[in-house]
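Asks:
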Amino acid sequence: MISIQGLTYRYKQGPTLQFADWHLKQQEQWLLLGASGSGKSTLINIMSGLLRPESGRVEISGTSLYGLSARELDRFRGRHIGIVFQRPHLVRSLRVAENLELAQSMAGLRSDRKRIDLLLGELGLSEKSDRYPDELSQGQLQRLSVARALVNKPLVLIADEPTSSLDDQNAESVIALLREQAAANEATLLIATHDKRVRDHLNNEYIL
Ligand code: ADP
Ligand code: MG
């Protein structure tokens, strides 16, 4: 489903990073583990189509990401890769549901309010549909980021350190939410973390 082969990345004034080959099957749930500075975010960004590697390839469902034009890659990412960013990427001047519609249109998809309402319902945000992001709590914003990542039914759901700023109870519930939603949407799940609390929850590990 997703594979990486021969990936390396070199920061201009920084280290050269090398990543062992990796294959994730459809609907598998994986942890990407490693100490702070080991390259987790770099690898996540490369696998999300956000950072072109120096060498090697990333293939998702038969498509070689960096073989696409910039425009095709944007489309592909919007359509097939759901990313839960550490800080939510939302437009403050748009309402909750409108933010999700924007994610659909940016992926070249038609507005699908049924899909949006379904997701907001599942994530306990139905009543917030016409609110603005600034009117949501931290926990609600995080659930909205998950909704945004899932709205286009991606093949893969990727989260970078989703629990780093959360207390134990919220960390548990975010991991549970990501696992449930990945399964419900038949997406492969990839969570990068150095948080030991997350470790017991997923059984596949790639260690940097
Ligand atoms: P992690 O997410 O595991 O903490 P990162 O992928 O952020 O690791 O960083 C991997 C390594 O690359 C670290 O040594 C970091 O200092 C370095 N690095 C990250 N971003 C940059 C950058 N923009 N310029 C130079 N070095 C960077
Ligand atoms: Mg990181």
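Its first residue numbered 1, the sequence shown is counted upward by one per residue in the UniProt record's numbering. Glycine included, C-beta positions come from ideal geometry on N, C-alpha and C. Since the structure is predicted, the reported quantities are computational estimates derived from the model, not experimental observations.
Do Gln-27 and Glu-186 have their CB atoms nearer than 7 Å?
Replies: Yes, these two residues count as a Cβ contact at 7 Å.
Asks: What three-state label does DSSP hand His-80 in the structure shown?
Replies: It is helical.
Asks: Kindly indicate which residue of Leu-123, Arg-79, Ile-81 and Leu-73 has the alpha-carbon position closest to the one of Ala-97.
Replies: For the residues Leu-123, Arg-79, Ile-81 and Leu-73, the minimum Cα distance to Ala-97 belongs to Leu-123.
Asks: In the segment 122-193, which residue ranges form an unbroken alpha helix (DSSP H) of at least 4 residues, counting only runs that do not cross its ends?
Replies: Correct list: 138-150 and 168-184.
Asks: So what does DSSP say about Val-96, is it helix, strand or coil?
Replies: Three-state result, Val-96: helix.
Asks: According to the neighbour-count rule (16 or more other Cβ atoms, all chains shown, within 10 Å of its Cβ), is Ser-105 buried or exposed?
Replies: Exposed is the call here.
Asks: Below 6 Å CB to CB, which residues in the same chain sit around Pro-133 once its five sequence neighbours on both sides are set aside?
Replies: Taken in chain order, the residues that qualify are Leu-90 and Arg-92.
Asks: In terms of residues, what are the limits of the beta strand (DSSP E) holding Asn-204?
Replies: Asn-204 -> beta strand (DSSP E) spans 204-207.
Asks: How many Å lie between Ser-55 and Glu-135 at the Cα?
Replies: If you take the alpha carbons of Ser-55 and Glu-135, they lie about 43 Å apart.
Asks: Is Gly-108 helix, strand or coil by DSSP?
Replies: Correct three-state label for Gly-108: coil.
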